[in-house]
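S.K.:
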Amino acid sequence: MIYIDANVLYSYLFETPMSESAEIILGYSNKVTSRTVVNEAIYVTFRRLARDKGVKNVHDVKKFAKTEEGRIFLNNAYSLVMELIGLSETKLADEEEN
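Following this line, the structure appears as structure tokens:
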């Protein structure tokens, strides 16, 4: 079983030094990730998509996410990440709550 981290998802969606490796990793079978990783991937994807709108830090993220345009960007980030998880056939692992 290969555990997929948010960096792999992000590097597949956006050009980074790890993009080629991310593509290879997501091509493997028997992949799993967690809902925590999905949330992290959505957040960093949202920040990247919103960067051109002046979003540079956590304060900007919170402020922008409350706007109508920000909610559209957040929905786009969610869709991109979830579509990638589905297309790459990555399973979501159950997480234990402490």
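Be aware that the sequence shown starts at 52, since it is given in our numbering, and climbs by one per residue. No residue lacks a Cβ here, since even glycine has one placed at the ideal position from N, Cα and C.
Alpha carbons only, please: which of I76, T67 and E71 is nearest the one belonging to I136?
M.R.: Comparing C-alpha distances from I136 to each of I76, T67 and E71 shows the shortest one belongs to I76.
S.K.: If you draw a straight line from the C-alpha of K52 to the C-alpha of L60, how long is it?
M.R.: Looking at the sequence itself, residue 52 is Met, so the reference to Lys does not match. Approximately 17 Å, taken between the alpha carbons.
S.K.: Entirely within the region 55-132 and at least 3 residues each: give me those beta strand (DSSP E) ranges in chain order.
M.R.: 82-84
S.K.: Could you tell me the distance, in whole angstroms, from the CA atom of A116 to the CA atom of R122?
M.R.: 6 Å
S.K.: So E140 and K104 are supposed to be a Cβ contact under 8 Å. How far apart are they, rounded?
M.R.: Not confirmed; about 33 Å, so no contact.
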